[in-house]
DNA sequence: TTGTAAGCGTTATCAG
DNA sequence: CTGATAACGCTTACAA
């Protein structure tokens, strides 16, 4: 130990990994990280991973399954100990399973295959709750807005919304558009068409911003307010006027649980029964729904 | 090659790294990533790194130099090919140089030592420009607000602000508070004390939010408006009323240049003359400064 | 207790 | 041009 100190020796983790068959690296594949929902996930994953003496290799697939495939190959070849994956839409579960090889995986926010380990919100229930809340405000004509309807979480939320609307004997109206700006325009258009919408549920933080902007534009033409409930709290929710009512996910807790679950799999030879950790969203009542 | 395909052989990167002395891993150490400025940086770094066939190990030190030291140790032992570092405040340059060992490094947003490679905004000039802009609006009593004054970029911005104020024969007033909420309170208090402030420069995106909130509170008591210029554009800047005038950095370009510079160092045995890439900020004129 | 040897999967080198 | 061999730095197992 004295020699270690005096010579400044440091173990070579690469050689250790080759010999020991363990790299202490986990791969984290996300759609992107600029979205505050994802960056918070990544932040918590990084903090929690450190507690296991491991490091994070961060990759983003930009919702592209082809890129995702290449990235899984990188992780396989790097002998990653495990993977946290928020899969791209239209991923083939069978192909994914093959591409993961022997690496244990935990899905986050979106499931990968039916009986896999996953940590995600009760998306459908969250949308149900949001829709119900607007109905309870006496609003009947409610639309929901989302960017990419190929994404599991949004699909589920749409289903939850439609379900409640059906039960209430109301017609559903799903507004879909590829990106940020297009969604704003689409919402704008819907607000001008009959039936005159009284409420809007934005199914993601991106959609919430678009919806906010569209409502604001319209508001200068048609004074009667449109109630809004957003998804995924963002800083701006309390900054805008009116403050936005949102369904929030316990993001930090979910991210940490994901890491813990993954390391349990890594430790225990992966013969554990699959876990599905599905917390509920919380409705944060602010002004935009008409509560305050 | 036929055997490769039929047996499903895949090269083991760990063995390759051990043999070849190159891991195709770069370490990225940031203060955090929840801040949209940093998450955008990380996103671009990830995308650009892929183009060099390498991957990113992401670490965050939370502005703690002790954590940063541990993380550099991790990177050294992992035989990382290079490091991108936004150093924690109060980092000892000599110690840092030692801790980097043989790994080439490029500093981002904050320099590490005097003659090192660095990509960062012309912080001081940006603050000068913001201050000058408010003065040109005829505003004389201008304060600036920041969270952590130990951080290089904020220090520089304060200096730029003070410089212009001095030249204009005005007294400087720097509002400092540890965090988000405390800063909001501090700004709030300053707005109520004499001299009656006419303008405020928030030196970061966090500070911008705090300042916005404080101004809004005050505005209900003291109608005369306070002009605001923020730093680092955020989505919310256009969403709030009034839309916030900001100094924006060419974040994406800076992040990409950082990666390119690093791989030039990695490729060329590190005998290149140190580069300092220092772009200027751009003033985006919106409502909050009184322009529109 | 201390020391030696084998092997992890590559790649570069050197003989055949 | 093909094929065997050594070395990268570590850990583990076994021998002295």
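Residue numbers (my numbering), protein chains in the order written: chain V, 108 to 399; chain X, 108 to 399.
All C-beta atoms in this analysis are idealised placements derived from N, C-alpha and C, irrespective of residue type, glycine included.
Model, not experiment: these values are computed from the prediction.
Between residue 187(X) and residue 125(X), which are expected to be in contact by the criterion C-beta below 8 Å, what is the C-beta distance as a whole number of angstroms? The pair is not a contact, with the Cβ atoms about 14 Å apart (cut-off 8 Å).
Straight-line CA distance for residue 359(V) to residue 148(V)? 6 Å
What do you reckon, are the CB atoms on residue 293(V) and residue 268(V) nearer than 7 Å? no
Apart from the five residues on each side of it in sequence, which residues of its chain come closer than 6 Å, Cβ to Cβ, to residue 179(X)? 206
Just curious, the beta strand (DSSP E) that residue 134(X) is in, first and last residue? 132-137
Relative to the alpha-carbon of residue 79(V), which residue among 128(V), 307(V), 393(V) has its alpha-carbon at the smallest distance? Limits of chain V in this structure are 108 at one end and 399 at the other, which puts residue 79(V) out of reach.
In three-state terms, what does DSSP make of residue 396(X)? coil
Supposed contact pair residue 308(V) and residue 388(V) - C-beta distance, whole angstroms, cut 8 Å: The Cβ separation is near 12 Å, so there is no contact.
Does the beta carbon of residue 388(V) sit closer than 7 Å to a beta carbon anywhere in chain X? no
If distances are taken between C-alpha atoms only, which option among 199(X), 189(X), 368(X), 150(X) comes closest to residue 176(X)? 199(X)
Among 321(X), 224(X), 244(X), 208(X), which residue has its Cα nearest to the Cα of residue 383(X)? 224(X)
Three-state class that DSSP yields for residue 241(V) in the structure shown: helix
Strand pairing of residue 214(V), partner residues [DSSP]: 192(V), 225(V)
Please classify residue 387(V): does DSSP put it in a helix, a strand, or coil? coil
Could you list the residues in the segment 338-358 of chain V with a C-beta less than 7 Å from some C-beta on chain X, going in chain order? 342, 343, 346, 347, 348
So what does DSSP say about residue 310(X), is it helix, strand or coil? coil
In chain order, what residues of the same chain lie with their CB nearer than 7 Å to the CB of residue 210(V), ignoring the 5 residues before and after it? 182, 183, 187, 189, 190
Per DSSP, the bridge partner or partners of residue 334(V): 306(V)
In chain V, what lies closer than 9 Å to residue 164(X) by C-beta? 132, 162, 163, 164, 165
Counting only C-beta atoms, is residue 140(X) closer than 7 Å to chain V at any point? yes
Sufficient close CB pairs (3 or more, under 8 Å) joining the segment 297-311 of chain V to the segment 250-260 of chain V: yes
Beta strand (DSSP E) containing residue 108(X): first to last residue? First-last for residue 108(X): undefined, no H or E at that position.
Output the distance between the C-alpha atoms of residue 193(V) and residue 304(V), rounded to the nearest integer angstrom. 33 Å
With burial defined as no fewer than 16 other Cβ atoms inside 10 Å of the residue's Cβ, what is the status of residue 142(X): buried or exposed? buried
Beta-carbon within less than 6 Å of residue 340(V)'s beta-carbon, same chain only, minus the 5 sequence neighbours each way: which residues are those? 353, 355
Please compile the residues from chain X whose C-beta is within a distance smaller than 7 Å of the C-beta of residue 122(V). 125
Who are the near neighbours of residue 228(X) in its chain, counting only those whose CB is closer than 6 Å to its CB and skipping five residues on each side? 356, 388
Could you tell me which chain X residues have their CB closer than 7 Å to the CB of residue 319(V), listed as they occur along the chain? 346
Can you name the residues of chain X whose CB is closer than 8 Å to the CB of residue 153(V)? 140, 165, 166, 167
Taking 8 Å as the limit between beta carbons, can you name the residues of its chain near residue 166(X), skipping five residues before and five after? 134, 135, 136, 137, 178, 181, 182
Shortest alpha-carbon distance to residue 342(V) belongs to which of 315(V), 155(V), 196(V)? 315(V)
What does residue 316(V) reach in chain X if we use C-beta pairs closer than 9 Å? 342, 343, 346
Using 6 Å as the cut-off, classify the Cβ of residue 253(V) as near or not near the heavy atoms of the ligand ZN, replying yes or no. Here there are no bound small molecules, and the ligand ZN is not part of this structure.
Identify the continuous beta strand (DSSP E) that holds residue 281(V) and give its terminal residues. 281-283
I'd like to know if residue 175(X) contacts chain V, where contact means its C-beta is closer than 7 Å to some C-beta of that chain. no
For residue 251(X), which residues does DSSP report across the bridge? 281(X), 308(X)
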